[in-house]
Structure formats: C-alpha cells, structure tokens
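Q:
Protein chains: 2
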Amino acid sequence: MDLQPPASTATPRRRGRPPKSANGFSETREALLRAGVEVLTEKGFSATGIDQILSRVGVPKGSFYHFFNSKEAFGAALIERYAGYFARKLDRFLLDESQPPLQRLRNFVADAADGMARFEFRRGCLVGNLGQETASLPDALRLQLSAVFADWESHVAACLEAARAGGAIAADADCQRLANCFWIGWEGAVLRAKLEASNRPLEVFTDFFFAGLPR
Amino acid sequence: MDLQPPASTATPRRRGRPPKSANGFSETREALLRAGVEVLTEKGFSATGIDQILSRVGVPKGSFYHFFNSKEAFGAALIERYAGYFARKLDRFLLDESQPPLQRLRNFVADAADGMARFEFRRGCLVGNLGQETASLPDALRLQLSAVFADWESHVAACLEAARAGGAIAADADCQRLANCFWIGWEGAVLRAKLEASNRPLEVFTDFFFAGLPR
C-alpha cells in the first residue's frame with residue numbers, strides 16, 4: 055500500500071455517498087478494517103494495493119475516502135485495531151490467575167504458535183510487518199508502532215513482575231528490560247517462522263528466553 | 055518492487071543494446087547490483103520501484119533486461135551479492151584469532167551497530183527485509199533467503215564451537231541451535247533498531263544472548 059493521497063481523477067464505481075445510516079457507516083468501516091488487518095498481517099503496507107482491500111470488501115474507492123481521510127489515516131486505524139485486539143489477547147493469557155505467571159506467558163506463546171500454524175505461516179504480526187517498512191512509512195505511523203510495542207511490553211513486564219514477586223525469577227531482575235527483549239526476539243521469531251513455514255523459530259527463541267531469565 | 059514481468063510497451067530511454075564490451079557489461083551490472091543492495095537494505099522489494107534503481111544508476115529499462123532476465127533474477131542476484139558480502143564480514147570478525155571466540159562475536163555486533171548508526175538506522179538487513187515479505191515473494195527467493203540464514207548460522211555456530219572447545223561455554227551446549235537463536239533475535243533487534251532509530255534494541259538482545267549462553 056503506498057501512502058500517497060488519492061489521485062484526483064479517481065472515479066468511484068458508484069456515485070454518491072454510501073448509506074448515511076449510522077449502521078451502514080459502521081458496518082462498511084468495520085468491513086474495511088477487518089479486511090485491512092487480514093491483508094496486512096500477511097503483507098506489508100507497500101506490497102498491498104488499496105484496491106485489493108476495496109475489492110475484497112466490495113466497496114468503491116470513493117466511499118473509502120468517506121470513511122478515512124487518507125491512506126495514512128486508514129493505516130493508523132488498522133494499527134489501533136490490531137494493537138487493541140492483541141492487547142486483549144495478551145490480557146486473556148497474562149492475567150489468568152489460575153496459572154503461575156511464567157506459565158501464562160508460555161500459554162500465550164503456545165496459542166500464538168497455533169495461530170500461525172492455522173494460517174500456514176502466511177500471517178505474522180501486523181505491527182512487525184509495518185515496523186520492517188520504517189523507511190517507507192510516514193513518521194506518525196512509525197511513532198504509533200513504537201508506542202504499540204511499548205504497550206505490549208508493559209503487559210509482559212507486569213507478568214514478569216508477578217513472577218518476580220512469587221520468587222520464580224531473581225529479585226533483582228529488570229522486568230522492563232526483559233519484556234523489551236522478549237518482544238525484540240519474538241518479532242524476529244515470527245519473521246523466521248513465516249520464512250521457514252515452521253513453528254521451530256518460535257520454539258527456539260522462547261526456550262532460550264525462558265532458560266535465560268535470571269533465577 | 056513488484057515482481058511482475060516488464061510491460062511489453064515499456065520504452066527504453068535509449069535505443070539499442072548497451073555497450074557490448076565485457077567491461078561495459080560488468081560495470082553496468084555492478085552499478086545495478088550496488089544500487090539495488092543499497093535500496094533494499096532500506097526498503098523491501100514491494101516498496102521499491104525498479105525505476106527508482108534504474109534512475110539512480112542512469113540505466114534505461116531496456117538495458118536492465120539485458121542484464122537480468124526478470125525482476126526475480128535481479129532479486130536473486132541481490133540476495134547472493136549481499137549474502138556473500140555479509141559472509142565475508144562475518145569471517146573477518148569470527149575468524150580473528152587474535153580475539154577469544156565470544157569476543158569475536160561481540161566485535162561483529164559492535165561493528166554492525168556502528169554501521170546502523172552511520173546510516174541513521176535507515177538501513178537494516180536486506181535478507182531480513184525480504185524475509186518479512188514472504189507472502190509477496192516467489193518461492194525460489196524464499197528458499198534462497200532461508201539458505202542464507204543457514205549459511206550465516208554455520209559461521210556463528212563454528213565460532214560458538216570454538217568457545218565451547220576453549221571452555222568459555224558449557225561442554226554440552228548445542229551450538230547450532232544457539233546460532234539459530236542468535237540470528238532469530240538479531241533480525242528482530244535490527245527491525246526494532248530501525249523503528250526506534252536507536253542501537254538500544256541491538257544491545258538489549260545481545261546482552262541477553264551472551265548472558266544466556268550455557269556455562
């Protein structure tokens with residue numbers, strides 16, 4: 055997806071505005087966001103034509119700009135959507151008090167690995183995909199991606215702090231730095247898992263991570 | 055860079071074939087490869103228009119296909135070029151017998167971090183950039199990228215084996231798996247270093263890696 059503004063000569067396939075009802079608005083917007091997240095977990099922005107998303111949803115180009123001021127605004131909405139979905143997924147595992155803290159993180163990893171296998175390793179992480187394209191992205195999106203990692207790291211850091219409080223890792227462990235290291239390596243592992251079409255990179259990295267936690 | 059074949063209507067800016075001399079051939083080919091590597095360490099294939107590379111070198115589109123049968127062939131040549139350059143760089147550090155084995159790997163890391171800072175964190179790893187685009191790449195390139203990682207890993211594994219032989223790491227350390235883990239995390243760290251425009255992710259990951267080596 056290039057982030058250029060639309061050409062002024064773009065001709066919508068349908069004239070006029072899309073349905074004005076609040077429902078029509080939110081349903082089409084929803085469908086665009088859903089399709090956008092799907093496509094961008096597989097490919098980066100640059101590899102994705104906006105037309106690809108529009109034709110998947112059956113929305114004319116003119117309507118797209120009714121919902122989003124620009125492609126950058128669409129990108130920002132996709133990151134926000136994916137980041138929120140993922141933060142809720144993290145919470146589901148990391149706040150599961152029926153499990154000891156480190157096991158919660160292991161359970162998240164196992165679920166993510168299953169998810170990648172289910173989509174035959176075609177889908178990775180939308181935030182990682184876009185992060186790789188820094189040189190082609192507007193600065194605002196770069197800062198947004200950076201903030202998403204900071205947020206995810208705070209969830210993992212809190213889980214590691216719980217492990218530290220329970221004595222599972224060393225009392226002087228720097229949980230913020232360890233959480234940062236987890237996400238750095240995790241994104242590398244997701245990249246390799248896609249490339250090798252295998253869960254092995256996820257396993258190699260997370261085994262090393264858990265073994266390397268200070269005790 | 056999309057990997058579509060050239061449109062048959064493409065009009066070269068200059069008629070006829072490029073100079074036939076062996077020198078002219080190899081110089082233009084060299085210039086195309088050099089520019090391609092530069093651009094693809096910053097951006098992925100998909101974000102890069104072939105025209106961008108041609109205009110940088112001042113070569114008309116017609117000539118490009120004199121040197122490379124297809125964009126895929128160009129991509130393969132770029133990966134080969136970068137992989138070879140990088141394997142020689144690895145050897146320069148990892149075979150430096152004036153240093154203990156683990157220090158050699160640390161020296162490589164320090165040099166790579168300096169290199170990223172020198173280009174203001176715009177340039178990362180061509181192989182990592184392309185690896186992220188798996189879904190958009192031809193299968194042959196995907197396999198080639200995977201083989202490059204296997205090669206780089208064999209260099210690091212040999213260095214870790216030397217460390218093991220010297221007693222710096224545990225006698226039962228699985229050096230191949232540790233080398234695999236190094237490259238998984240390293241590519242994640244390069245991605246984050248670009249995103250944050252900072253060396254810190256490289257430092258966080260490699261500190262964790264060295265601390266986590268079995269003793």
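Protein chains in written order, with our numbering: chain A, 55 to 269; chain B, 55 to 269.
Positions of the beta carbon are idealized from the N, C-alpha and C atoms, including for glycine.
Under 9 Å, CB to CB, which of the residues in the region 195-217 of chain A have a partner in chain B?
A: R196, L199, S200, F203
Q: Is DSSP giving L256 (chain A) helix, strand or coil here?
A: Here residue 256 (chain A) corresponds to residue number 202 of the first sequence, with the count starting at 1. Here L256 (chain A) sits in helix by DSSP.
Q: Nearest CA to the CA of F264 (chain A): which residue from A:S200, A:R160, A:D228?
A: For the purposes of this step, residue 264 (chain A) is taken as residue 210 along the first sequence, with counting starting at 1. Checked all of A:S200, A:R160, A:D228; the closest Cα to F264 (chain A) is A:R160.
Q: Look at the Cβ atom of S200 (chain A), then the Cβ atom of G98 (chain B), and state whether they are nearer than 8 Å.
A: Stepping through the first sequence from its first residue, residue 200 (chain A) is reached at position 146. Stepping through the second sequence from its first residue, residue 98 (chain B) is reached at position 44. No, these two residues do not count as a Cβ contact at 8 Å.
Q: For P192 (chain A), would you say it is in contact with chain B, using Cβ-to-Cβ distances shorter than 8 Å as the test?
A: For the purposes of this step, residue 192 (chain A) is taken as residue 138 along the first sequence, with counting starting at 1. Cβ-Cβ to chain B under 8 Å: no for P192 (chain A).
Q: Please confirm whether G138 (chain B) has its beta-carbon closer than 8 Å to some beta-carbon of chain A.
A: Looking up residue 138 (chain B) in the second sequence gives position 84. So, not an interface residue.
Q: For the alpha helix (DSSP H) that contains F236 (chain A), what are its first and last residues?
A: Within the first sequence, numbered from 1, the residue matching residue 236 (chain A) stands at position 182. Counting along the chain, the alpha helix (DSSP H) containing F236 (chain A) begins and ends at 229-250.
Q: Is the distance from the Cβ of L180 (chain B) to the Cβ of L191 (chain B) below 8 Å?
A: Numbered from 1 along the second sequence, position 126 holds the residue referred to as residue 180 (chain B). Numbered from 1 along the second sequence, position 137 holds the residue referred to as residue 191 (chain B). Not in contact: L180 (chain B) and L191 (chain B) (Cβ atoms no closer than 8 Å).
Q: Under 8 Å Cβ-Cβ, which residues of chain A neighbour S124 (chain B)?
A: Position 70 of the second sequence, counted from the start, is the residue given in the question as residue 124 (chain B). Those within 8 Å of S124 (chain B) in chain A number zero; the least Cβ separation is about 18 Å.
Q: Measure the CB-CB distance between L267 (chain A) and L232 (chain A) and report whether it falls below 8 Å.
A: Translated into positions along the first sequence, residue 267 (chain A) becomes position 213. Translated into positions along the first sequence, residue 232 (chain A) becomes position 178. Yes; because the gap between Cβ atoms is below 8 Å, this pair is in contact.
Q: What does V258 (chain A) touch in chain B if you count any residue whose Cβ is under 8 Å from its own?
A: Here residue 258 (chain A) refers to the residue found at position 204 when the first sequence is read from its first residue. Those within 8 Å of V258 (chain A) in chain B are R231, N234, C235, I238.
Q: In chain B, which residues lie less than 8 Å from N161 (chain A) when you measure between Cβ atoms?
A: In the first sequence, residue 161 (chain A) corresponds to position 107, counting from 1. What N161 (chain A) touches in chain B: nothing, since even the nearest Cβ is about 21 Å away.
Q: Quick check: what's the CA-CA separation for V93 (chain A) versus R177 (chain A)?
A: Here residue 93 (chain A) is taken as the residue at index 39 of the first sequence, counted from 1. Here residue 177 (chain A) is taken as the residue at index 123 of the first sequence, counted from 1. Spanning the two alpha carbons is a distance of roughly 9 Å.
Q: At the 8 Å Cβ level, is Q106 (chain B) part of the contact set with chain A, yes or no?
A: Numbered from its first residue, the second sequence carries residue 106 (chain B) at position 52. Judged by the 8 Å Cβ criterion, Q106 (chain B) is not in contact with chain A.
Q: Would A262 (chain A) pass as an interface residue toward chain B - the criterion being a Cβ-Cβ separation below 8 Å?
A: On the first sequence, position 208 is the one that residue 262 (chain A) refers to. The amino acid occupying residue 262 (chain A) in the given sequence is Phe; Ala does not appear at that position. Answer yes: the Cβ-Cβ gap between F262 (chain A) and chain B drops below 8 Å somewhere.
Q: I'd like the span of the alpha helix (DSSP H) that includes A189 (chain B), first residue to last.
A: The residue labelled residue 189 (chain B) in the question sits at position 135 within the second sequence. It is not in any alpha helix (DSSP H) - A189 (chain B) carries neither H nor E in the DSSP assignment.
Q: What does the alpha-carbon distance come out to for the pair F236 (chain B) and K248 (chain A)?
A: Along the second sequence, read from residue 1 onward, the residue named residue 236 (chain B) stands at position 182. Along the first sequence, read from residue 1 onward, the residue named residue 248 (chain A) stands at position 194. The straight-line gap separating the alpha-carbon atoms of F236 (chain B) and K248 (chain A) is approximately 17 Å.
Q: Between W206 (chain B) and F140 (chain B), which are expected to be in contact by the criterion C-beta below 8 Å, what is the C-beta distance as a whole number of angstroms?
A: Taking the first residue of the second sequence as 1, we reach residue 206 (chain B) at position 152. Taking the first residue of the second sequence as 1, we reach residue 140 (chain B) at position 86. Indeed they touch by this definition, with Cβ atoms about 7 Å apart.
Q: Check this for me: beta carbons of E126 (chain A) and A189 (chain A), under 8 Å apart or not?
A: Position 72 of the first sequence, counting from 1, holds the residue named residue 126 (chain A). Position 135 of the first sequence, counting from 1, holds the residue named residue 189 (chain A). In this structure, E126 (chain A) lies away from A189 (chain A), with their beta-carbon atoms at least 8 Å apart.
Q: Name the chain A residues that come within less than 9 Å of R176 (chain B), Cβ to Cβ?
A: Against the second sequence, residue 176 (chain B) aligns to sequence position 122. Within 9 Å of the CB of R176 (chain B), the CB atoms of chain A belong to T188, A189, in sequence order along the chain.
Q: Got a sec? Which residues, its chain only, sit under 7 Å from C229 (chain A) by beta carbon, not counting five neighbours each side?
A: Start at 1 with the first residue of the first sequence, and residue 229 (chain A) comes out as number 175. Excluding positions up to five away in sequence, the list reads A211, L214, E215, R218.
Q: With 16 other CB atoms within 10 Å as the buried threshold, where does D261 (chain B) fall?
A: Sequence index remark: in the second sequence, residue 261 (chain B) carries index 207 (1-based). So D261 (chain B) ends up on the exposed side.
Q: Please state the DSSP three-state secondary structure of I104 (chain B).
A: Taking the second sequence and counting its residues from 1, the one referred to as residue 104 (chain B) is at position 50. Correct three-state label for I104 (chain B): helix.
Q: E84 (chain A): buried (16+ other C-beta within 10 angstroms of its C-beta) or exposed?
A: What you label residue 84 (chain A) is simply residue 30 of the first sequence in a count that begins at 1. The residue in question, E84 (chain A), is exposed, as its Cβ has fewer than 16 Cβ neighbours within 10 Å.
Q: Tell me where the alpha helix (DSSP H) around R146 (chain B) begins and ends.
A: Residue mapping note: residue 146 (chain B) aligns to position 92 of the second sequence, counting from 1. That run of the alpha helix (DSSP H) goes 125-148.
Q: Kindly examine the ligand GDP and report whether one of its heavy atoms sits closer than 7 Å to the Cβ of F259 (chain A).
A: Among the components modelled here there is no ligand, and therefore nothing to report on the ligand GDP.
Q: Just to make sure I have the definition right: I need the residues of chain B whose C-beta is within less than 7 Å of the C-beta of A101 (chain A). Which are they?
A: Numbered from its first residue, the first sequence carries residue 101 (chain A) at position 47. Neighbours of A101 (chain A) on chain B, chain order: S100, E187, S190.
Q: Looking at the structure shown, is C179 (chain B) part of a helix, part of a strand, or coil, going by DSSP?
A: Here the question's residue 179 (chain B) lines up with position 125 in the second sequence. Looking at C179 (chain B) - three-state DSSP - the assignment turns out to be coil, as it is neither helix nor strand.
Q: State the Cα-Cα distance for the pair L41 (chain A) and L108 (chain A), rounded to the nearest angstrom.
A: Residue numbering for chain A in the displayed model covers 55 to 269; residue 41 (chain A) lies beyond these limits and cannot be assessed.
Q: Note down, in chain order, each residue of its chain lying with its Cβ closer than 7 Å to the Cβ of G90 (chain B), except the 5 sequence neighbours on either side.
A: Numbered from its first residue, the second sequence carries residue 90 (chain B) at position 36. Around G90 (chain B): I107, F128, L132.
Q: Helix, strand or coil for A89 (chain B) per DSSP?
A: As a first step, residue 89 (chain B) must be located in the second sequence, where it is residue number 35. Note: A89 (chain B) maps to helix in three-state DSSP.
Q: Of all Cβ atoms in chain A, is any one closer than 8 Å to the Cβ of N253 (chain B)?
A: For the purposes of this step, residue 253 (chain B) is identified with residue 199 of the second sequence, where counting begins at 1. No, N253 (chain B) lies away from the interface with chain A (no Cβ there is under 8 Å from its Cβ).
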